[in-house]
Amino acid sequence: MVQSGKLTALGVASLALLAEGPMHPYEMYQVLMARHEDRLVKVRPGTLYHAVRRLEEAGLVEAVGTDREGNRPERTTYRISAAGHEALDVRLREMLAKPVNEYPVFPHAIAEAHHLPAEAVIELLGQRVDALQAGLDFLLHAERVVTAKGLDRKYWIDVMYQQQMLRTEISWIHGLLRELRSGELPWDDPQATPSELSNKPKESLGKRS
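No gaps in the numbering here: position 95 of the sequence shown is 95 in the UniProt record's numbering, and each next residue is one more.
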């Protein structure tokens, strides 16, 4: 059985959709893509079908009927169960309250960026800013669309959160680029490496008074 703490991001998204009403998996996929939920969770038809089957095996969703269109395979419609509502509630509370290190790639990249020359780092970070700005522009457009439709803000606070995260990263990178271009942050000059510092005897690093 899938426990609430074991629910994947796609499992949570699936339960949340079915909490809105019964659907078959392909309809769920279409709704997720129409809402651009692939910004938040990796979703493909095959993985979504698998996620729904796992939820059914765990008793968190249940089949309510099948239908067929033309020569297409039968489609099973699912609804969320009482146990599914409870699992979704518990998991959402955990996700909101407990920070989790998701090991994003960018912090790792900048931790090792000193292996590249300054000119390359400047160029690559400039490319990243362009990509981040494109993402921010998309989210700003999405905000205008949902605002025009009169959709309550509580349904798209993730968009506002992502906007702020992108603004913060763009601003931070601009600051780093200014330091690199001005030379305020020395880069290509030979300096002691972290391993050299950590391998030195403690007494050579200075005695505490």
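Glycine included, every Cβ here is placed at the ideal spot set by N, Cα and C.
Cβ-Cβ separation between Leu132 and Glu169: approximately 6 Å, consistent with a contact (criterion under 8 Å). Short of 8 Å from the beta carbon of Pro22, and not among the five residues preceding or following it, lie these beta carbons of its own chain, in chain order: Val64, Thr77, Tyr78, Arg79. Annotation: the continuous alpha helix (DSSP H) that includes Ala120 extends over 118-148.
Sorting Arg167, Gly84, Arg68 by C-alpha distance to the C-alpha of Ala19 places Gly84 at the top. Boundaries for Arg167: no beta strand (DSSP E) harbours it, while the alpha helix (DSSP H) harbouring it runs 157-182, taken from the DSSP string. In the three-state scheme derived from DSSP, where H, G and I count as helix and E and B as strand, Asp152 is classed as coil. Counting the other Cβ atoms within 10 Å of the Cβ of Tyr29 gives 16 or more, which makes it buried. Sequence-distant partners of Leu180 (beyond 5 residues in either direction) whose C-beta falls short of 7 Å from its own C-beta, in its chain, are Ala118, Val121, Ile122, Trp187.
Here the alpha carbon of Thr47 sits roughly 10 Å from the alpha carbon of Gly11. Taking C-beta atoms under 8 Å as the contact rule, Gln163 and Leu125 fail to qualify, at a distance of about 20 Å.
In the DSSP annotation of this structure, Tyr103 is not part of any beta strand (DSSP E), being labelled neither H nor E. As DSSP reads the structure, Thr76 sits in a beta bridge with Thr66.
By the CB criterion at 8 Å, Val31 and Ala9 fall outside the cutoff. In this structure, DSSP gives Val31 a helical state, which the three-state scheme calls helix.
Restricting attention to Val146, Leu55, Asp158, the CA atom closest to the CA of Glu86 is found in Leu55.
Nearest C-alpha to Ala109 among Ile173, Leu15, Met33, His36: Ile173. Judged by DSSP secondary structure, His24 falls outside any alpha helix (DSSP H); it is assigned neither H nor E. Listed in chain order, the non-local C-beta contacts of Trp156 below 6 Å within the same chain comprise Val146, local neighbours out to five positions each way being set aside. As DSSP reads the structure, Val61 sits in a beta bridge with Ile80. Here DSSP, grouped into helix, strand and coil, assigns Lys98 to coil.
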